[in-house]
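A quick write-up on the structure given underneath.
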Amino acid sequence: MYVYDEIDQRLVDERVAQFRDQTRRFMDGKLAEDEFRALRLRNGLYIQRYAPMLRIAIPYGLLSARQLRKFADITRRFDRGYGHFSTRQNLQLNWPKLEEVPEILAELASVQMHAIQTSGNCVRNVTTDHFAGVAPDEVVDSFVWCELIRQWSTFNAEFSYLPRKFKIAVNGAVNDRAATYVHDIGLHATRRDGRVGFKVIVGGGLGRTPLIGQVIREFLPWQHLLTYLDAILRVYNRFGRRDNIHKARIKILLKERGMERFRADVEAEWAHLKDGPATVSAKEIARIEERFTRPAYERLSGTAVPYSAPGFDAWRKRNVHPHKVPGYCAVTLSLKKTGVPPGDVTADQMDAIARLAELFSFAELRVSHEQNLILADVREDELPELWREARALGLATPNIGLITNIIACPGGDFCALANAKSIPVAQAIQERFDDLDYLHDIGELDLNISGCMNACGHHHIGHIGILGVDKHGEEWYQVEIGGNQGETRPGALPALGKVIGPSFARAEVPAVVEDLIDCYLERRDSEHERFIDVVQRIGIEPFKEKVYGNANQRQAGRRREPLVA
Amino acid sequence: MATLIKGRQVVAESPSSPDGEVVRLEPTDDPASIVARLPGAARVEVHFPKFGDGRGFSIGRLLRERHAYQGELRAVGHITRDHLLYLERCGFDAFELRAGEDPVEALAGFEAFSASYQRFS
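Chain order of the listed sequences is A and B.
The numbering used here puts the first residue of the first sequence at 2, with every later residue one more than the last.
The numbering used here puts the first residue of the second sequence at 66, with every later residue one more than the last.
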């Protein structure tokens, strides 16, 4: 964990006081609605369909047991006893009261937490690999760089009123588990001749105009990270479009200017900033590194006592992940049990999970962008015990990487922007694929659902992506396939899914997904060829034929019903 | 009622013609285009047309840091107390508040944060 110093704490406390004052001025009628809107958003506060929604920052997804207990306490006292983990590693409360939000922020500040810049047209919470620091394929531990970026972006006077929101993700491993190609800026920490630096990707994003980011710089030595970010952000702040909210992201500026001109603009700006006061020093990095507590691993042999039990083996296969320290592993607590909205956790579960973290994983956890919680430093010989505890809490569904590990936004049940509901669709699919043997036979598959084109459920990068659309006031669902968030194999870039055809009524969606799966199972070479591999190999046509052929039959069947009734 | 703040104090605008040119920049203007006029300028005004339009923050830093402008740099337009501290950090030293903003209460805006993570100049 990063432990606040005196300045970190003071700034967060001052933010609470500032927002308390802004809320009071709004209540007194001294602050206009639209101005308060801009200010409350940068404290994570939305006015939603039924109530305000408060988005709490979990910087780079790293969380202590103590902080999770505080969340539980807050959801009991100020909300309805549960919270929702989002695809950007944040926690959302769906039922806070506007006038109590300053109090909630004060409670958060007491455990070194906040809701700063979790929304609004500013640099948002920086995200990273949920296995940072422990993954065997890690090249650079991204946490220190994430914290450096957190500080650089927090209350950055120049970049606080950008044309639109700005999301940065950092990946430090060979595999990209941070979806860096679909962020405004994606950073791949790497090493060249032993020196740390970053591949800089810019202009990716989902939403209305989904685009895969482009590499603007192959290798940026670490000393220049912040001046280079300053240069990109300055070009964006000055020239990004402000006339149309749907064209205001940096990806549109990049698209309109083209990479050559955009890069030249950034380089010209950087020429002035390079080696200036914002240049990162080794001393600064050491200062931040010192404030991270790191797990005190024991020296273990790495050969755990063999253990086998019905259910345990499947869980071990899916929910336990390799660790760079011998004898340890990382464990995903699945928040994707059938019947529970993806990413939702009750207050009682939060307390119980905090206890598990204390017992098994140095009192720390991570939030994954797949909306699960991770115990990153578990001893292998303690896995059976952890499994029994997690199972009793309903957190051991062995579905990580499988079709029922659905990523979904809150959708029309909560969100004012949504065209359609997400949660009931997720549940219907989970119910359809509830048979474990079938689930494991299907193998690795990312299924993502968004309730509108803002794409909070990242549907464009699901192997199967489902998008809620509005058709004459009714909820319909468009289906795409072939998207993926990272390299599916070495050298293959992330890709956006392709829409297979006309949209479907909600009740049809599980059958459509089943058709897609049937087509995959018929066409795969072996069980080693995943769904995404088959789509990449044979294209979307066979899937389309399967789905719409069957859909026509289903419709014909329905039309015949009255005749035989 | 005075709506001008200078040096963190509410001041009455000097009524007479200023001693030099008043150069005004819109958010779309390039600060590099006025460099030749800076030595003779009484002040530079940067216009903020809307609450959420942050282009002027970059213009402020460019004038101070790149073009070494040392005279009065005034933010005009939709300026509220919630902008003041960030404007000051970007080099502004005079602030013409939008109509209806209480200038004395607005001074509290400078005190919002007592430290900063960024190193500008």
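Here a beta-carbon is modelled for each residue, glycine too, at the ideal position from N, C-alpha and C.
List the residues of chain B that GLU34 of chain A touches, going by C-beta distances under 7 angstroms, in chain order.
The sequence position of residue 34 of chain A within the first sequence is 33, counting from 1. Near GLU34 of chain A there are no residues of chain B at all, since even the closest Cβ is about 11 angstroms away, more than 7 angstroms.
Rounded to a whole number of angstroms, what is the C-alpha to C-alpha distance between GLN10 of chain A and ILE75 of chain A?
Residue 10 of chain A sits at position 9 when you count from the first residue of the first sequence. Residue 75 of chain A sits at position 74 when you count from the first residue of the first sequence. C-alpha separation (whole angstroms): 19 angstroms.
Please state if the CB of VAL548 of chain A and the CB of SER504 of chain A are separated by a distance shorter than 8 angstroms.
Within the first sequence, residue 504 of chain A is the residue found at index 503, counting from 1. Within the first sequence, residue 548 of chain A is the residue found at index 547, counting from 1. No, Cβ-Cβ distance for SER504 of chain A and VAL548 of chain A is not below 8 angstroms.
Which residues in chain A have a C-beta closer than 7 angstroms to the C-beta of ASP158 of chain B? List them in chain order.
Walking along the second sequence from the start, residue 158 of chain B turns up at place 93. By Cβ distance, chain A contributes nothing, its closest Cβ being about 14 angstroms from ASP158 of chain B, past 7 angstroms.
Which residue or residues does DSSP assign as beta-bridge partners of VAL76 of chain B?
Your numbering for residue 76 of chain B matches position 11 in the second sequence. For VAL76 of chain B, which the question treats as bridged, DSSP gives the partners B:LEU69.
Would you mind reading off the limits of the alpha helix (DSSP H) that contains ALA232 of chain A?
Counting from one through the first sequence, the residue named residue 232 of chain A turns up at place 231. 226 to 240 is the span of the alpha helix (DSSP H), which, as asked, contains ALA232 of chain A.
How big is the Cα-Cα spacing for VAL425 of chain A and ILE450 of chain A?
Here the question's residue 425 of chain A lines up with position 424 in the first sequence. Here the question's residue 450 of chain A lines up with position 449 in the first sequence. The question names Val, but residue 425 of chain A in the sequence shown is Pro. Annotation: PRO425 of chain A to ILE450 of chain A spans about 11 angstroms, alpha carbon to alpha carbon.
Using DSSP bridges, identify the partner residues of ARG193 of chain A.
Walking along the first sequence from the start, residue 193 of chain A turns up at place 192. Note: ARG193 of chain A sits in a beta bridge opposite A:ARG196.
DSSP three-state label for MET54 of chain A, please.
Walking along the first sequence from the start, residue 54 of chain A turns up at place 53. Of the three classes helix, strand and coil, the one that applies to MET54 of chain A here is strand, per DSSP.
What are the start and end residues of the alpha helix (DSSP H) that includes GLY268 of chain B?
No answer is possible for residue 268 of chain B: it lies beyond the span of chain B, which begins at 66 and ends at 186.
Just how far apart, CA to CA, sit ARG89 of chain B and HIS225 of chain A?
Within the second sequence, numbered from 1, the residue matching residue 89 of chain B stands at position 24. Within the first sequence, numbered from 1, the residue matching residue 225 of chain A stands at position 224. Going from the Cα of ARG89 of chain B to the Cα of HIS225 of chain A covers about 34 angstroms.
What are the start and end residues of the alpha helix (DSSP H) that includes ARG151 of chain A?
Within the first sequence, the letter at position 150 stands for residue 151 of chain A. It spans 144 to 154 - the alpha helix (DSSP H) in which ARG151 of chain A sits, taken as one unbroken run.
Closer than 6 angstroms by C-beta to THR24 of chain A: which residues in its own chain qualify, once you throw out the five before and the five after it? Chain order, please.
Within the first sequence, residue 24 of chain A is the residue found at index 23, counting from 1. If we look at THR24 of chain A and ignore the five residues flanking it on each side, its Cβ neighbours are PRO103.
What span of residues does the beta strand (DSSP E) with ASP378 of chain A cover, start to end?
Your numbering for residue 378 of chain A matches position 377 in the first sequence. Run containing ASP378 of chain A: 374 to 380, per the beta strand (DSSP E) assignment.
Can you check whether the C-beta of ALA177 of chain B is within less than 8 angstroms of a C-beta belonging to chain A?
Here residue 177 of chain B corresponds to residue number 112 of the second sequence, with the count starting at 1. For ALA177 of chain B, the answer is yes, since a Cβ of chain A falls inside 8 angstroms of its Cβ.
Taking the alpha carbon of ARG108 of chain B as the reference point, which residue from B:ARG146, B:ARG126, B:VAL87 has its own alpha carbon closest?
Mapped onto the second sequence, residue 108 of chain B falls at position 43. It is B:VAL87 whose Cα lies nearest to the Cα of ARG108 of chain B.
Name, going along the chain, the residues of the stretch 95 to 122 of chain B whose beta-carbon falls closer than 7 angstroms to a beta-carbon of chain A.
PHE116, GLY117, ASP118, GLY119, ARG120, PHE122
Quick one: any contact between the stretch 339 to 346 of chain A and the stretch 34 to 54 of chain A, if contact means 3 or more CB pairs under 8 angstroms?
no
My output table needs one value for ILE541 of chain A: the three-state DSSP class, helix, strand or coil.
By one-based count along the first sequence, residue 541 of chain A stands at place 540. Coil.
Check whether chain B comes within 8 angstroms of THR155 of chain A, counting only Cβ atoms and requiring the distance to be less than that.
Reading the first sequence from its first residue, position 154 is the one you call residue 155 of chain A. For THR155 of chain A, the answer is yes, since a Cβ of chain B falls inside 8 angstroms of its Cβ.
Given a threshold of 16 other Cβ atoms within 10 Å of its Cβ, counted over all protein chains shown, does THR93 of chain B qualify as buried or as exposed?
If you number the second sequence from 1, residue 93 of chain B lands on position 28. Here THR93 of chain B is exposed: its Cβ has fewer than 16 other Cβ atoms, across all protein chains shown, within 10 Å.
For the stretch 246 to 272 of chain A, which residues have a beta carbon sitting closer than 8 angstroms to at least one beta carbon of chain B?
none
Under the three-state reduction of DSSP, which class applies to PHE293 of chain A: helix, strand or coil?
Here the question's residue 293 of chain A lines up with position 292 in the first sequence. Residue state, collapsed to three classes: strand.
Give, in chain order, every unbroken run of the beta strand (DSSP E) that is at least 3 residues long and sits entirely within the stretch 334 to 362 of chain A.
345 to 347
Answer with buried or exposed for GLN135 of chain B, where buried requires no fewer than 16 other C-beta atoms within 10 angstroms of its C-beta.
Stepping through the second sequence from its first residue, residue 135 of chain B is reached at position 70. With fewer than 16 other Cβ atoms within 10 Å, it is exposed.
Starting from the Cα of GLY45 of chain A, find the closest Cα among A:ILE117, A:LYS166, A:CYS520 and give me that residue.
Residue 45 of chain A sits at position 44 when you count from the first residue of the first sequence. Out of A:ILE117, A:LYS166, A:CYS520, A:ILE117 has the C-alpha closest to the C-alpha of GLY45 of chain A.
Any idea what DSSP makes of VAL140 of chain A, helix, strand or coil?
As a working mapping, residue 140 of chain A is identified with position 139 in the first sequence. In this structure, VAL140 of chain A counts as coil in the three-state DSSP scheme.
Beta-carbon of ASN44 of chain A versus every beta-carbon of chain B: anything under 8 angstroms?
Within the first sequence, residue 44 of chain A is the residue found at index 43, counting from 1. Contacts with chain B at 8 angstroms (Cβ-Cβ) do not include ASN44 of chain A.
Does chain A have any CB closer than 8 angstroms to the CB of GLN135 of chain B?
To locate residue 135 of chain B, count along the second sequence from 1; it is residue 70. No, GLN135 of chain B lies away from the interface with chain A (no Cβ there is under 8 angstroms from its Cβ).
Quick check: ASN485 of chain A and LEU440 of chain A, are their CB atoms within less than 8 angstroms of each other?
As a first step, residue 485 of chain A is located in the first sequence; it is residue number 484 there, counting from the start. As a first step, residue 440 of chain A is located in the first sequence; it is residue number 439 there, counting from the start. No, they are not a contact pair.
Considering only residues of the same chain and omitting the five flanking positions on each side of PRO137 of chain A, which have a CB-CB separation below 6 angstroms?
Counting from one through the first sequence, the residue named residue 137 of chain A turns up at place 136. Excluding positions up to five away in sequence, the list reads PRO323, LYS325.
Please report how far the alpha carbon of SER181 of chain B lies from the alpha carbon of ASP6 of chain A, in whole angstroms.
Reading the second sequence from its first residue, position 116 is the one you call residue 181 of chain B. Reading the first sequence from its first residue, position 5 is the one you call residue 6 of chain A. Near 13 angstroms, if we compare the C-alpha coordinates of ASP6 of chain A and SER181 of chain B.
For the beta strand (DSSP E) containing VAL306 of chain A, name the first residue and the last one.
Locating residue 306 of chain A in the first sequence gives position 305, where the first residue counts as 1. Element bounds for VAL306 of chain A: n/a, residue is neither H nor E.
Have a look at ASN320 of chain A and VAL332 of chain A and give me their C-alpha separation to the nearest angstrom.
Taking the first sequence and counting its residues from 1, one reaches residue 320 of chain A at position 319. Taking the first sequence and counting its residues from 1, one reaches residue 332 of chain A at position 331. In a straight line, the C-alpha of ASN320 of chain A is about 6 angstroms away from that of VAL332 of chain A.
Excluding sequence positions up to five away, which residues of its chain have a Cβ less than 6 angstroms from the Cβ of LEU152 of chain B?
The sequence position of residue 152 of chain B within the second sequence is 87, counting from 1. Closer than 6 angstroms at the Cβ level, and outside the excluded window around LEU152 of chain B, lie ALA140.
Looking at C-alpha atoms only, which residue of A:LEU254, A:VAL535, A:TRP96 is the closest neighbour of GLU445 of chain A?
Sequence index remark: in the first sequence, residue 445 of chain A carries index 444 (1-based). GLU445 of chain A has its Cα closest to that of A:VAL535, out of A:LEU254, A:VAL535, A:TRP96.
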